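First up is the structure itself, then whatever we jot down about it.
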Amino acid sequence: MVITRHFIDKNWTLEKRVLSFVNVLPPHNGPALAKEIHRVCNIYDINDKVCSVTVDNATANDVCIAILKKDHTLHSNLVLDGKLFHVRCCAHIINLLVRDGLKEIEHIVEVVRERVKYIFGLENRLRSFNEYRVNLKLHSNKLVLDNNTRWNSTYVMLQTAYTYRDCFTKYGQDDEAFERYVPNTVEWSLVHEKRIDDVMLAFKHVFDQYGIIYGDPKGKGPDSYNSYLKKPPSSTIGKRKFDDFMMKLQTQGKKNNDLELYFDEACYPNLTNFDALAWLRGNEGKYNVLSRMTNDILSIPITSVASESTFPAGGRIIDKKSLDEKGHH
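This is the structure in structure tokens:
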């Protein structure tokens, strides 16, 4: 179990630190996971500094977060009364969506996968296939067999296989055992067009529903903003500045609080090098309350990838094609 802390420092730089990397003994249920997280929070004395916890979408994690939320509510004033405390890993959810989407093209994926497995089965088969590739002057990426722990590798497998479809045909003409397994014109068409569109339509439906459920982000802003207005500053000086700021808000009227001023700002162009944190650092004085709110919210990781990448399993899976002849035992 890996516990990683994410935070934005005083220079508005997003930071992350691995706090714990331990083997949690069974049972891996909610209470056991909550106990471990609570232990680490006690070690680093951050019980009153936890804004949210990002975990995979699993029943045990739901129970774990429910236990932690009750505990942390006693020690800190959580944002929106804890509505942001439980963050389900976006990557895990997307993974589930993609796997459901891939079921739409399951037949053609299996067709291509078995052909690629056959090529990788013996060294002389792969050598012959590469000779056809060179003769046909195809210089794309090498043939790929997908990995069931990485669904994006399935897309790469289909893409490269389609590029080498003529190689499959040529190879099948010289290998009778393979010839009857060569994808036909209709199957290659499914790889390239129609069935891929079916997957995209399935994804579009899911994300359309997401938009309907969560709506316009502006509608969510005032609730979060008001939550931060109620939070006490962390020092006497901060409290005095905060009181002065509140007096200005009351003098200026409701429509001039910094949240509404922010929404009235002109939109920046969609620049790839735009640094949101740098912009907030430069406008911290202008948006006093909003900057404190974003300092917490923008540090919330939407995936648990940072923790999982500490010891990823995907690259450590060994199959026959990943071993050379000397490595076989």
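Just so we're aligned: 319 in my numbering is position 319 of the sequence shown, and the numbers increase by one with no gaps anywhere. We put the CB at the ideal spot given by N, CA and C, even for glycine. Every value quoted in this text rests on a predicted model; they were computed, and no experiment measured them.
Mind checking which residues open and close the beta strand (DSSP E) that includes residue 46?
-> Residue numbering aside, residue 46 sits at position 46 when the sequence shown is read from its first letter. Here residue 46 belongs to no beta strand (DSSP E), and DSSP marks it neither H nor E.
Beta-carbon contacts of residue 15 that lie in its chain and below 6 angstroms, excluding the five residues immediately before and after = By 1-based counting over the sequence shown, the position of residue 15 is 15. Closer than 6 angstroms at Cβ, skipping near neighbours: 7 and 9.
Helix, strand or coil: how does DSSP classify residue 54 here?
-> Within the sequence shown, residue 54 is the residue found at index 54, counting from 1. If DSSP states are grouped into helix, strand and coil, residue 54 belongs with the strands.
On the DSSP bridge assignment, give the partners of residue 14 in chain order.
-> The sequence position of residue 14 within the sequence shown is 14, counting from 1. Partner(s): 8.
Sequence-distant residues of its chain with Cβ nearer than 7 angstroms to residue 135 (five each side left out) = Numbered from 1 along the sequence shown, position 135 holds the residue referred to as residue 135. Excluding sequence neighbours, residue 135 sits near nothing in its chain.
Hey, is the segment 162-171 in contact with the segment 179-192, meaning 3+ C-beta pairs nearer than 8 angstroms?
-> yes
Provide the residue span of the alpha helix (DSSP H) that contains residue 125, from first to last.
-> On the sequence shown, position 125 is the one that residue 125 refers to. Where residue 125 is concerned, the enclosing alpha helix (DSSP H) stretches over 123-135.
Nearest-angstrom Cα separation, counted from residue 143 out to residue 161 | Within the sequence shown, numbered from 1, the residue matching residue 161 stands at position 161. Within the sequence shown, numbered from 1, the residue matching residue 143 stands at position 143. Distance between the alpha carbons of residue 161 and residue 143: 7 angstroms.
Residue 178 to residue 152 span [Cα, whole Å] | Position 178 of the sequence shown, counting from 1, holds the residue named residue 178. Position 152 of the sequence shown, counting from 1, holds the residue named residue 152. Each residue's Cα considered, the two are about 27 angstroms apart.
For the segment 12-28 and the segment 51-59, state whether three or more C-beta atom pairs, one from each stretch, are separated by less than 8 angstroms.
-> no
With a CB to CB cut of under 6 angstroms and the five nearest residues on each side skipped, what residues in its chain are close to residue 301?
-> Sequence index remark: in the sequence shown, residue 301 carries index 301 (1-based). The answer, listed in chain order, is 6 and 54.
Using a Cβ-Cβ cut-off of 6 angstroms (strictly less than) and excluding sequence neighbours within five positions of residue 86, which residues of its own chain qualify?
-> For the purposes of this step, residue 86 is identified with residue 86 of the sequence shown, where counting begins at 1. Correct list, in chain order: 65.
Does DSSP classify residue 61 as helix, strand or coil?
-> What you label residue 61 is simply residue 61 of the sequence shown in a count that begins at 1. In the structure shown, residue 61 sits in a helix (DSSP, three-state: H, G or I).
For residue 106, which option in 20, 1 and 155 has the closest C-alpha, if you only look at C-alpha atoms?
-> Residue 106 sits at position 106 when you count from the first residue of the sequence shown. Considering only alpha carbons, the answer is 155.
List the endpoints of the continuous beta strand (DSSP E) containing residue 24.
-> Mapped onto the sequence shown, residue 24 falls at position 24. From DSSP, residue 24 is part of no beta strand (DSSP E); its letter is neither H nor E.
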